[in-house]
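**Q**
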Amino acid sequence: MMAPTPEPTPTLQQLLAFYLEAGVDCALGDEPINRLEEPEPVPAPAAPRPVALNPLRPAPMPAVPRSEITVAPDAAIASAREAARTAPTLEALRTLMETFDGCALKHTATRLVFADGNPEARVMFVGEAPGRDEDIEGLPFVGRSGKLLDRMIAAIGLDRRSAYIANVIPWRPPGNRTPTPQETQVCLPFIQRHIELVNPDVLVTLGNPSTQALLGTREGIMRTRGKWIDYDTGTRTIRAVATFHPAYLLRSPSYKRLSWQDLRAIAKVLQPATA
12 MMAPTPEPTP TLQQLLAFYL EAGVDCALGD EPINRLEEPE PVPAPAAPRP
62 VALNPLRPAP MPAVPRSEIT VAPDAAIASA REAARTAPTL EALRTLMETF
112 DGCALKHTAT RLVFADGNPE ARVMFVGEAP GRDEDIEGLP FVGRSGKLLD
162 RMIAAIGLDR RSAYIANVIP WRPPGNRTPT PQETQVCLPF IQRHIELVNP
212 DVLVTLGNPS TQALLGTREG IMRTRGKWID YDTGTRTIRA VATFHPAYLL
262 RSPSYKRLSW QDLRAIAKVL QPATA
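For the record, in the sequence shown the residue sitting at position 131 is 142 according to this note's numbering, with numbers rising by one throughout.
1) Relative to the C-alpha of M108, which residue among A140, A115, H118, A95 is closest?
2) Which residue from L150, G113, D161 puts its Cα closest to that of I88?
3) Compare the C-alpha of L9 against each of I180, K267, E207, R204 and name the closest.
4) To the nearest angstrom, how far is it from the Cα of L274 to the Cα of I176?
5) Thinking C-beta only, is N210 closer than 8 Å to R172?
6) Compute the distance between the beta-carbons of L208 and Y242, then report whether it is under 8 Å.
7) If you reduce the DSSP assignment to three classes, tell me which class G136 lands in.
8) Express the C-alpha separation of Q203 and T244 in angstroms, rounding to a whole number.
9) Could you check what DSSP says for R122 in three-state terms: helix, strand or coil?
10) DSSP three-state label for V280, please.
11) Taking the continuous alpha helix (DSSP H) assigned at N129, which residues delimit it?
12) Consult DSSP for A5 and reduce its assignment to one of helix, strand or coil.
13) For E93, does the count of other Cβ atoms within 10 angstroms reach 16, so buried, or fall short, so exposed?
14) For W239, count neighbouring Cβ atoms within 10 angstroms of its own Cβ and tell me buried if that reaches 16, exposed if not.
15) Return yes when the Cβ of D212 is within less than 8 Å of the Cβ of V134, no when it is not.
16) Output yes or no for whether 8 Å exceeds the beta carbon distance between R105 and A140.
17) Put D112 into one of helix, strand or coil per three-state DSSP.
18) When we look at the beta-carbon of T189 and count the other beta-carbons within 10 Å, is it buried (16 or more) or exposed?
19) Take A253 as the anchor and find which of D127, L269, P264, H205 has the nearest alpha-carbon.
20) Express the C-alpha separation of A224 and C198 in angstroms, rounding to a whole number.
21) Can F111 and A83 be called in contact, C-beta distance under 8 Å?
22) Measure the Cβ-Cβ separation of A251 and T216 and say whether it is below 8 Å.
23) Exposed or buried, which one is M163 when buried takes at least 16 other CB atoms within 10 Å?
24) Along the chain, where does the beta strand (DSSP E) that runs through V209 open and close?
25) Closer than 6 Å by C-beta to R122: which residues in its own chain qualify, once you throw out the five before and the five after it? Chain order, please.
26) Of the residues R229, P99, H118, which one's Cα is nearest the Cα of F201?
27) Could you pull the start and end residues of the beta strand (DSSP E) that Y242 belongs to?
28) Are the CB atoms of T119 and P185 within a distance shorter than 8 Å?
29) With burial defined as no fewer than 16 other Cβ atoms inside 10 Å of the residue's Cβ, what is the status of S265: buried or exposed?
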């Protein structure tokens with residue numbers, strides 16, 4: 012019986028590509044750590060000496076890393092709703108989001124990813140959350156999926172000067188993980204106010220998470236895509252439609268045909284006012 016052929020050792024470039032795809036894109040220390048090595052026994056610490064406290068001065072609080080500061084979920088959602096409601100302009104909304112501390116993602120992301128494109132555009136695209144490239148540049152959809160989105164909208168005569176692009180979550184989740192339901196609920200009032208201020212004629216949700224968050228459906232993207240839904244901002248009803256997220260199309264290119272059907276339907280709705 013022949014011995015199995017050993018798998019080839021991956022090159023350094025292949026390993027780096029694997030780690031990047033997994034979301035490992037930064038070093039936490041200058042020296043490597045062997046986590047399989049047996050730890051050396053740590054001597055028991057000496058008993059702390061009692062410290063006399065001044066009854067007129069409160070005891071010092073232990074320092075808490077900023078990334079571990081949390082706000083009660085209900086309080087954070089209520090705070091986000093109140094802040095978003097008071098924003099009269101997109102500039103004011105951005106300022107409020109930059110100073111908002113109710114979402115822990117803010118403390119692990121590099122910067123706020125607010126929006127890109129023309130705020131006067133008749134169509135607004137909304138995805139789920141920024142990735143690594145977006146976190147670096149501070150703009151939505153600038154990585155591989157962003158380049159595909161640019162080609163998709165170019166196919167129906169649009170670009171970033173005639174469209175507006177944002178995300179439900181404005182801060183990158185660590186390692187590109189899926190945002191938690193709580194994080195989505197905290198950020199939802201901001202994107203809802205964002206849509207209200209832009210006031211597009213057509214709202215396009217990209218992918219299942221943004222579709223479920225904004226259009227209030229629990230069905231999957233396969234059932235919801237291509238179907239027109241009324242989106243109520245409170246002051247106006249906007250025509251909304253869901254389609255596949257460009258990142259999904261990169262993984263499953265066979266669905267580009269269905270996405271093209273959705274894009275043609277969007278172009279048809281936009282056409283009368285531009286004809």
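Here a beta-carbon is modelled for each residue, glycine too, at the ideal position from N, C-alpha and C.
**A** This is what the structure gives:
1) Within the sequence shown, the letter at position 97 stands for residue 108. Answer by Cα proximity: A95.
2) Sequence index remark: in the sequence shown, residue 88 carries index 77 (1-based). Ranking the options by Cα distance to I88, first place goes to G113.
3) With the chain represented from 12 up to 286, any question about residue 9 goes unanswered, as that position is not in the structure.
4) Along the sequence shown, one-based indexing puts residue 274 at 263. Along the sequence shown, one-based indexing puts residue 176 at 165. Distance between the alpha carbons of L274 and I176 is about 15 Å.
5) Residue mapping note: residue 172 aligns to position 161 of the sequence shown, counting from 1. Residue mapping note: residue 210 aligns to position 199 of the sequence shown, counting from 1. No; because the gap between Cβ atoms is not below 8 Å, this pair is not in contact.
6) Translated into the one-based positions of the sequence shown, residue 208 becomes position 197. Translated into the one-based positions of the sequence shown, residue 242 becomes position 231. No, they are not a contact pair.
7) The residue given as residue 136 occupies position 125 in the sequence shown. Going by the sequence as given, residue 136 is Phe instead of Gly. If DSSP states are grouped into helix, strand and coil, F136 belongs with the strands.
8) Looking up residue 244 in the sequence shown gives position 233. Looking up residue 203 in the sequence shown gives position 192. Rounded to whole angstroms, T244 to Q203 spans 7 Å at the Cα level.
9) If you number the sequence shown from 1, residue 122 lands on position 111. Reduced to three states, the DSSP call for R122 is coil.
10) On the sequence shown, position 269 is the one that residue 280 refers to. Note: V280 maps to helix in three-state DSSP.
11) As a position in the sequence shown, residue 129 is number 118, starting the count at 1. Run containing N129: none; DSSP gives neither H nor E here.
12) A question about residue 5 goes unanswered here, because the residues of the chain that appear run from 12 up to 286.
13) Here residue 93 is taken as the residue at index 82 of the sequence shown, counted from 1. By the neighbour-count rule (16 or more Cβ atoms within 10 Å), E93 is not buried but exposed.
14) Position 228 of the sequence shown, counting from 1, holds the residue named residue 239. With fewer than 16 other Cβ atoms within 10 Å, it is exposed.
15) Here the question's residue 134 lines up with position 123 in the sequence shown. Here the question's residue 212 lines up with position 201 in the sequence shown. For V134 and D212, yes; Cβs fall inside 8 Å.
16) Reading the sequence shown from its first residue, position 94 is the one you call residue 105. Reading the sequence shown from its first residue, position 129 is the one you call residue 140. Cβ atoms of R105 and A140: not closer than 8 Å.
17) For the purposes of this step, residue 112 is taken as residue 101 along the sequence shown, with counting starting at 1. Coil, per DSSP.
18) Here residue 189 refers to the residue found at position 178 when the sequence shown is read from its first residue. It counts as exposed.
19) The count along the sequence shown starts at 1 and reaches residue 253 at position 242. A253 has its Cα closest to that of L269, out of D127, L269, P264, H205.
20) To locate residue 198, count along the sequence shown from 1; it is residue 187. To locate residue 224, count along the sequence shown from 1; it is residue 213. Roughly 10 Å between the two C-alpha positions.
21) Mapped onto the sequence shown, residue 111 falls at position 100. Mapped onto the sequence shown, residue 83 falls at position 72. Going by C-beta atoms, F111 is not nearer than 8 Å to A83.
22) Working through the sequence shown from its first residue, we reach residue 251 at position 240. Working through the sequence shown from its first residue, we reach residue 216 at position 205. Yes, Cβ-Cβ distance for A251 and T216 is below 8 Å.
23) Counted from its first residue, the sequence shown places residue 163 at position 152. It counts as buried.
24) Residue 209 sits at position 198 when you count from the first residue of the sequence shown. Looking at the DSSP string, V209 is not in any beta strand (DSSP E); the run it does join, the alpha helix (DSSP H), is 192-209.
25) If you number the sequence shown from 1, residue 122 lands on position 111. Around R122: G149.
26) Residue 201 sits at position 190 when you count from the first residue of the sequence shown. Among R229, P99, H118, the Cα nearest to that of F201 belongs to P99.
27) By one-based count along the sequence shown, residue 242 stands at place 231. Segment 240-243, the beta strand (DSSP E) holding Y242.
28) For the purposes of this step, residue 185 is taken as residue 174 along the sequence shown, with counting starting at 1. For the purposes of this step, residue 119 is taken as residue 108 along the sequence shown, with counting starting at 1. It is a contact, given that the beta carbons lie within the stated cut-off.
29) Residue numbering aside, residue 265 sits at position 254 when the sequence shown is read from its first letter. So S265 ends up on the exposed side.
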